[in-house]
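Novice:
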Amino acid sequence: MNDIIEICGVSKTYASGFTALKGVDLAVRRGEIFALLGPNGAGKTTLISIVCGIVRPSSGRVRVDGHDIVSGWRKTRSLIGLVPQELTTDAFESVWNTVSFTRGLFGLRANPAHLEQVLRALSLWDKRHSRIMTLSGGMKRRLLIAKALAHEPRILFLDEPTAGVDVDLRHDMWQLVSRLRGEGVTVILTTHYIEEAEEMADRVGVINNGELVLVREKSDLMREFGTKRLSLRLRRPLAEVPEALSAWRLELSGDGGELTYLYDAQDAGEGVAGFLDRVRDAGIEFTDLGTTESSLEDIFVSLVRQRQ
Amino acid sequence: MNLEAIGAIYKYEMVRARRTVTQTIVSPVISTALYFVVFGAAIGSRIQSVAGVGYGSFIVPGLLMLSLLGQSISNASFGIYFPRFTGTIYEILSAPVSPVEIVLGYAGAAATKSVILGAIILLTAGLFVPLHFLHPVWMVAFLVLTAVTFSLVGFIIGIWADGFEKLQIVPLLIVTPLTFLGGSFYSIDMLPRPWRTVALFDPVVYLISGFRWSFYGIADVNVGVSLAMTAAFLAVSLAIVWWIFRTGYRLKT
Chain V
844 MNDIIEICGV
854 SKTYASGFTA
864 LKGVDLAVRR
874 GEIFALLGPN
884 GAGKTTLISI
894 VCGIVRPSSG
904 RVRVDGHDIV
914 SGWRKTRSLI
924 GLVPQELTTD
934 AFESVWNTVS
944 FTRGLFGLRA
954 NPAHLEQVLR
964 ALSLWDKRHS
974 RIMTLSGGMK
984 RRLLIAKALA
994 HEPRILFLDE
1004 PTAGVDVDLR
1014 HDMWQLVSRL
1024 RGEGVTVILT
1034 THYIEEAEEM
1044 ADRVGVINNG
1054 ELVLVREKSD
1064 LMREFGTKRL
1074 SLRLRRPLAE
1084 VPEALSAWRL
1094 ELSGDGGELT
1104 YLYDAQDAGE
1114 GVAGFLDRVR
1124 DAGIEFTDLG
1134 TTESSLEDIF
1144 VSLVRQRQ
Chain H
2 MNLEAIGAIY
12 KYEMVRARRT
22 VTQTIVSPVI
32 STALYFVVFG
42 AAIGSRIQSV
52 AGVGYGSFIV
62 PGLLMLSLLG
72 QSISNASFGI
82 YFPRFTGTIY
92 EILSAPVSPV
102 EIVLGYAGAA
112 ATKSVILGAI
122 ILLTAGLFVP
132 LHFLHPVWMV
142 AFLVLTAVTF
152 SLVGFIIGIW
162 ADGFEKLQIV
172 PLLIVTPLTF
182 LGGSFYSIDM
192 LPRPWRTVAL
202 FDPVVYLISG
212 FRWSFYGIAD
222 VNVGVSLAMT
232 AAFLAVSLAI
242 VWWIFRTGYR
252 LKT
């Protein structure tokens, strides 16, 4: 069984009448890092909450490692660790007590060696006797991850894990996630930092207005929806794009000194060569050239806008 | 049964009690001692005895019940309300813990704290007045049953409340008046006829009466009725808790 999470036709309408999810179908593969992207209110947290058992679906079914989340709730929940979006902690409790509490809650006997390993990995070992209220925001975020890992989950949900976290810590977390993947843990990640998904994810799902817009391998997504840009620094500025090049998708900079050709990533190769031939035929000389390609963020924004 | 989870919740709550020992133990003990000074020494000196029991000794079961009800409700309601308030309830709801296990953890810890408090109050009372335990087994049974029942009531209040004010409403506006009117400081036989009948509608009368009977063998109502009423409270509380988890009331959307 390759899919560790199977979500079939899951919808959720809250008592207020707001429909957060509309018939979502999704399969998450065992051992992958799956990034779920979407704007605020798209339904990401609702979907995660349903799989974790915090929110009840209005319809549809969810299976985790082959077990139904309703009839096999005890088994499915024991497999899952959740790092919530909000910094929700018991301010008066110590770091050690709170991670020990979480481990016990998931039905596991005390294992100080494992908890020490987790706290050390998250640079919290020196703070183990500190009250949570004395920790910085970044440390609290790490503590939530430590709590989620306290019971050695096989699936880890990270709901905006690096919100409000500095760059160094963000990279530490990326390393931690990579290490977890190496240990066979399946990671489902929601994030506003698209570079995070671009850095870590194997596959990407885009959700908008409660609907799963697409699910693709990250590399396929970049190739399929990405746009490349070839920029030419011109020897002599142009007043306008020459008629001979009007068939090409071109942008001329305000000062007329840079001509940019936009093309689909899939078309790379002949298109560029042909374009450069036409430029030369048109008598346009350039002193430098460079290419860039759209980031996952550009693709995400483009996809969401299309749907709106 | 997830015994580790029950133990984790229970231990967590007991550690919290240690952190708030002034509020949980010291404050009720001081209040009870003051009741002894005011009602036992000052007013009690003018009342010879009630049904053959010295007034100071007579009020001990009522005073103990007064603290027991208040603290059971307060401990249990705060125990479950605090994670709801801070948002850490997500952890409980996403863990492989059944409703029964959650209640055993929270209400069990609250009841334990109340029973410990009751024992401390009894020891404190013993410094002021002579105490007798005519039916010690029944005394413990009433103590534990009441602590468990009102810890469940507290748990329900903690789920129902959507603010700290509501946490206080039931203990202050309902439980405390009913306890005062339920014969904490007097026998309802001392009331004029119509008020005695009215008092019988106060459920706390049955708790205090049964508890007092276990001390001195005197009761306002038959001890069997007291026991039945305590069991009925327990059953109603359990039914409400079952309904809360079944519907996800104020816990799950």
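Taken in sequence, the protein lines are chains V and H. 844 is the number of the first residue of the first sequence in our numbering; add one for each residue after it. 2 is the number of the first residue of the second sequence in our numbering; add one for each residue after it. C-beta: ideal position from N, C-alpha, C; glycine also. Remember, predicted model here, so these are calculated numbers, not experimental data.
Mind listing the chain H neighbours of L1119(V)? Cutoff is C-beta to C-beta under 7 Å, in chain order.
Specialist: Those do not exist, as L1119(V) stays about 57 Å from chain H at its closest Cβ, beyond 7 Å.
Novice: On the CB-based measure, 16 or more other CB atoms within 10 Å of its CB, does F212(H) come out buried or exposed?
Specialist: So F212(H) ends up on the buried side.
Novice: Quick one: using the 10 Å Cβ neighbour count with 16 as the cut-off for buried, is G127(H) buried or exposed?
Specialist: Classification of G127(H): exposed, given that the 10 Å Cβ count is below 16.
Novice: For V1153(V), does the three-state DSSP call read helix, strand or coil?
Specialist: The question about residue 1153(V) has no answer here: the residues shown for chain V are numbered 844 through 1151.
Novice: Taking Cβ-Cβ distances shorter than 9 Å, what residues in chain V pair up with Y91(H)?
Specialist: Those within 9 Å of Y91(H) in chain V are S892, C895, I897, L925, P927, E929 and T931.
Novice: For the alpha helix (DSSP H) that contains D1015(V), what are its first and last residues?
Specialist: Start and end: V1010 to G1025.
Novice: In chain B, which residues lie less than 8 Å from R20(H) when you measure between Cβ atoms?
Specialist: This model lacks chain B altogether, as its protein chains are V and H.
Novice: Could you pull out every unbroken alpha helix (DSSP H) segment of at least 4 residues lying fully inside the segment 54-110 of chain H, listed in chain order?
Specialist: List check, alpha helix (DSSP H) in window: 56-87 and 90-94.
Novice: Who are the neighbours of L94(H) on chain V, taking C-beta pairs under 7 Å?
Specialist: Here the neighbours are G896 and I897.
Novice: Flag this pair as touching only if the segment 932-939 of chain V and the segment 975-984 of chain V have three or more C-beta atom pairs under 8 Å; answer yes or no.
Specialist: They touch, by the three-pair rule.
Novice: Please confirm whether F877(V) has its beta-carbon closer than 8 Å to some beta-carbon of chain H.
Specialist: F877(V) does not count as touching chain H.
Novice: Which runs of the beta strand (DSSP E) at least 3 residues long sit entirely within the segment 879-931 of chain V? Give them in chain order.
Specialist: The qualifying runs are 902-907 and 923-926.
Novice: Measure the CB-CB distance between G249(H) and R899(V) and report whether it falls below 8 Å.
Specialist: Cβ distance < 8 Å, so G249(H) and R899(V) count as in contact.
Novice: What does the alpha-carbon distance come out to for the pair Y66(H) and S238(H)?
Specialist: Per the sequence shown, residue 66(H) should be read as Met rather than Tyr. About 18 Å.
Novice: Locate the alpha helix (DSSP H) running through G980(V), then write down its first and last residues.
Specialist: Per DSSP, G980(V) belongs to the alpha helix (DSSP H) from G980 to L992.
Novice: With distances taken from CA atoms, which of V1028(V), G884(V) and N845(V) is nearest V1049(V)?
Specialist: If we check each option's Cα against that of V1049(V), G884(V) comes out closest.
Novice: Which whole-angstrom value is the C-beta distance of A200(H) and L228(H), which I expect to be below 8 Å?
Specialist: Wrong, their Cβ atoms sit about 19 Å apart, outside the cutoff.
Novice: Answer yes or no: does any C-beta atom of chain H fall closer than 8 Å to that of G950(V)?
Specialist: Closer than 8 Å to some Cβ of chain H, the Cβ of G950(V) qualifies, so yes.
Novice: What residue from S1062(V), L1081(V) and T1135(V) has the CA that sits closest to L1105(V)'s CA?
Specialist: When only C-alpha atoms are compared, the closest one is T1135(V).
Novice: From R1059(V) to R1046(V), what does the alpha carbon distance come to, in whole angstroms?
Specialist: Taking the straight line joining both Cα atoms gives about 6 Å.
Novice: Mind checking whether L864(V) and L890(V) have CB atoms under 8 Å apart?
Specialist: Their beta carbons are under 8 Å apart, which means L864(V) touches L890(V) by this criterion.
Novice: With H, G and I counted as helix, E and B as strand and the rest as coil, what does DSSP make of R1076(V)?
Specialist: It is a strand residue.
Novice: Examine chain V for any beta-carbon lying closer than 8 Å to the beta-carbon of G57(H), and answer yes or no.
Specialist: Output row for G57(H): interface = no.
Novice: Would V224(H) be called buried (16 or more neighbouring beta carbons within 10 Å of its own) or exposed?
Specialist: With 16 or more other Cβ atoms within 10 Å, it is buried.
Novice: Any C-beta of chain V sitting closer than 8 Å to the C-beta of P172(H)?
Specialist: Not an interface residue.
Novice: Run down chain V in chain order and give the residues with a C-beta less than 7 Å from the C-beta of N3(H).
Specialist: The answer, in chain order, is G950.
Novice: Taking T919(V) as the reference, which of L925(V), P927(V) and V907(V) has the closest Cα?
Specialist: Checked all of L925(V), P927(V) and V907(V); the closest Cα to T919(V) is V907(V).
Novice: Whose Cβ in chain V lies nearer than 8 Å to the Cβ of I254(H)?
Specialist: Before going on, a small fix: residue 254(H) reads as Thr here, not Ile. Ordered by position in chain V, the residues that pass the 8 Å Cβ test against T254(H) are Y857, A858, V898 and R899.
Novice: Any beta carbon of chain V sitting closer than 8 Å to that of T231(H)?
Specialist: False, the Cβ-Cβ gap to chain V never drops below 8 Å.
Novice: So if I threshold CB-CB distances at 7 Å, which residues from the segment 939-965 of chain V count as touching chain H?
Specialist: Taking 7 Å as the Cβ-Cβ cut-off against chain H, the residues of the segment 939-965 of chain V that qualify are N940, F944, T945, G947, L948, F949, G950, L951 and R952.
Novice: Quick one: Cα of F1143(V) to Cα of I893(V), how far?
Specialist: Using only the alpha carbons, I get a separation of about 24 Å.
Novice: Are the segment 16-33 of chain H and the segment 87-106 of chain H in contact at 8 Å, needing three or more beta carbon pairs?
Specialist: Output reads no: the segment 87-106 of chain H does not touch the segment 16-33 of chain H.
Novice: Can you tell me where the alpha helix (DSSP H) holding K865(V) begins and where it ends?
Specialist: From DSSP, K865(V) is part of no alpha helix (DSSP H) but of the beta strand (DSSP E) over T862 to R872.
Novice: Have a look at H133(H) and I74(H) and give me their C-alpha separation to the nearest angstrom.
Specialist: Approximately 27 Å, taken between the alpha carbons.
Novice: Indicate whether E1083(V) and L1095(V) have their beta-carbon atoms separated by less than 8 Å.
Specialist: Contact: yes.
Novice: Going by C-alpha distance, which of E936(V), L1032(V) and S914(V) is nearest R20(H)?
Specialist: For the residues E936(V), L1032(V) and S914(V), the minimum Cα distance to R20(H) belongs to E936(V).
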